[in-house]
Structures are given as structure tokens and as C-alpha cells.
Amino acid sequence: MTTGIATSETVDAPESRDRPAVRVSGGRRAFGDQIVLDDVDLSIAPGEFIALLGASGSGKTTLLRALAGLDRLDAGTVTVPRERSVVFQEPRLIPSRRVWRNVVLGLRGTGRERALEALTEVGLADHAQAWPRTLSGGEAQRVALARALVREPGLLLLDEPFAALDALTRLRMQELVAALCRRHNPAVLLVTHDVDEAIRLADRVLVLRSKRLDSGVVIDKERRAQTGDSYATDLRYHFLNLLGVRGPQPTDRSAHPSDPVQEAHT
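Heads up: the sequence shown runs through residues 1 to 266, numbered per full-length UniProt numbering.
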């Protein structure tokens, strides 16, 4: 029976490669009179890496928090895996606990050996006994990543985790995240303002604007590897236009007579 009353429901996604790891149907969220998300639909396949672009205040983090269980939508249905991990822009390590204890924080029956395995994956096994205050920004964020992946999540949520890092460290972290996601194969949602980062990491890039998600663009990784910067330039131009930034149009269109941007069909 339909009551006409909008409700929000979050349920666990069944573990199946044939079903989406994440599904949002009719998602809506408002803060007072300000509607941030309106009739949002989202589907993420198991193992798929999604990047979410949008202007500041467009609702990207609001959607991520709803998927993480840190907030609720006012209406709609959210289906997510039971095991979810979040990496925020700040590492959020506990200063009074050594690095390895931060990695396994909250996990029952988990000891130093498991923490060391996770720290080895991010190249910080020799920092297991260190205190968080002794770490650089990049090292602290790698600890946060180890803490997220040690839980073997079905969904990894990344809320601008590289934004506070310098350019070189950011590139190294992007490479590390890409490698770890290939190894652990969670569904991933990356919230970012960095168009190049989205193109570099994602299987599919979505743009949140006017309170809704677009259909997204599937990144042709084989073509990206073959044509390099020219394909990335076309994609960058497309996404910047969607975000309202009028960047320079690619100059050599003769090399790409067909439309390089293939929108996803959902």
C-alpha cells in the first residue's frame, strides 16, 4: 500500500556478482528549506570504481555519508554492502594509539599481525610502532587507507582523501589506491573536485548538478592507454563544461573525428 509519505530505507546488499553492490533509488535530502539531493538514482557494480564530480555544496559528501550510514536520506531506498569503509580528507587517527592499533581499531579478535599485513600493503610496515604525530600527511593518509581496507569492505568510500596532500604525494597516493582497489576489488565511490583524478582512477565518472546525478561517462581505459593525453583532454573538456567551467576547447579535433565521450546507459 502506498501511503504518500516519503520515507528513507537503508538495507544490506546481497553478496552477488550479478547484482549491484550499491543502489540508490529516488534519493532525496534537504536541510531545512534547501534541497540538496532530489530523486537521485545510483547503481555501482561489485568491483566498479566510480568517481563523483560536482561543485562545492552540490551534495556529493551528503550522498557519500548516506551510503556510509552516517546520515539518512529523507526519502528513497539505499542498498549497500554490510561492510563499508570510509577514508576522509583528514586521516582521523587517534594520537594516543600507535599506528598498528589505529589500523585495527574497532575490530574484534584482530591483532598486530593483521595490522602489519595491511601496513605492508601501503608501504608502512616499519612504522607500525610509530605514533601518529610522527607521520607526514601522506603517511597518515596511507594508515587511514590501511585501516579502511583491513576490514575487506564491499564498498570503499573516499571523500576527497588526497585534497590536503602536495601534488607529488597526491599522484603517489592515487597510484597506490588504484593498485589496492584492483587487489581487493571493492565497489568504490570517490568524491573529488579534481577532474584529472577522476579520469585517471575511475571506471565511470558521474557529475552531480542541479540536485541530480547525470548518466555518467564510462572511461575507455584501453583508449586512454593508447591515445594518452588527447583522450584525457577531450574528457576534461567535457566534464569542465558540465561543471560550468569554460576551459579551452581541444584544438586538434581532426585526430578524433568521432565523439570521444561515451555516456553510460543505466
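Virtual Cβ for every residue (Gly too), placed ideally from N, Cα, C. Predicted model, so just to flag it, every value in this text is computed and none were measured.
Burial of residue 79 is indicated by the presence of at least 16 other C-beta atoms within 10 angstroms of its C-beta.
Boundaries of the beta strand (DSSP E) harbouring residue 31: 22-31, taken from the DSSP string. CA-to-CA, the gap between residue 94 and residue 132 works out to about 7 Å.
Contact between residue 23 and residue 74 is absent: CB atoms are separated by about 18 Å, not below the 8 Å threshold.
Residue 105 and residue 114 have their C-alpha atoms some 12 Å from each other. Beta-carbon to beta-carbon, residue 165 and residue 118 are separated by about 20 Å, too far to satisfy the 8 Å threshold. Taking a contact as a CB-CB distance under 8 Å, the pair residue 191 and residue 159 counts as one, their CB atoms being some 5 Å apart.
By the Cβ neighbour-count rule, residue 85 is buried, with 16 or more other Cβ atoms within 10 Å of its own.
Put simply, the segment 207-219 does not touch the segment 170-183. Fewer than three CB pairs are less than 8 Å apart. Under the three-state reduction of DSSP, residue 227 is assigned to helix. Here DSSP, grouped into helix, strand and coil, assigns residue 138 to helix. In this structure, the beta-carbon distance from residue 121 to residue 183 falls below 9 Å. For residue 172, there is no enclosing beta strand (DSSP E); the residue is found in the alpha helix (DSSP H) stretching over 167-184.
For residue 206, no alpha helix (DSSP H) encloses it; the enclosing beta strand (DSSP E) starts and ends at 204-209.
Within the same chain, Cβ atoms closer than 6 Å to the Cβ of residue 112 are found at 100, the five residues on either side in sequence being excluded. Measuring C-alpha to C-alpha distances from residue 218 to each of 60, 199, 20, 230 identifies 199 as the nearest.
For residue 94, no pairing in a beta bridge is given by DSSP. Under a 10 Å Cβ-count criterion, residue 129 is classified as exposed, with fewer than 16 other Cβ atoms of the shown protein chains found around its own Cβ.
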